[in-house]
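In the working numbering, the protein residues as written are 903 to 1063. Worksheet: the structure to be examined is printed underneath.
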């Protein structure tokens, strides 16, 4: 198992200058755990050419974000990927999601209410991380199971299960 330890390159109050330099110097970043892109054009181009990033170039094995197995549908290609997307896409179609806007705004307000009185927030752990999971679980009517599914997700991404 490969353990990831950050290099602390962006551990700063305001990382924007470091990110801008990285974008200018290396718009596509490869490292042992994957590939990173910074522009929408690069993301679209990679999506249209999955052979560029869908597998580890030396072994041909799918990248799994730390998982020993590819994550579905993110790390599978071709017909099998299309089959999974065909199941998921109707749930995430713009017209379908637009119907949930008021629900998601209310949920966002709930999350913000958890820290607004303090006048400050640790953005990732208190907002950016929990909000999408809560939205996803509400979308599937399983918000009561959020804690269980977050633990499962974390175990998969940390290659623990």
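Even for Gly, the Cβ is constructed at its ideal location relative to N, Cα and C. From a predicted model like this one, the values you see are computed outputs, not experimental measurements.
The Cβ atoms of residue 1005 and residue 1033 do not sit closer than 8 Å to each other. By the neighbour-count criterion, in which 16 or more other beta carbons inside 10 Å mark a residue as buried, residue 977 falls on the buried side.
Under the three-state reduction of DSSP, residue 939 is assigned to strand. Cβ atoms of residue 990 and residue 972 stay farther apart than 8 Å, at about 16 Å. Secondary structure at residue 1013: helix, using DSSP grouped into helix, strand and coil.
Taking C-alpha positions only, residue 1055 is separated from residue 1048 by approximately 10 Å.
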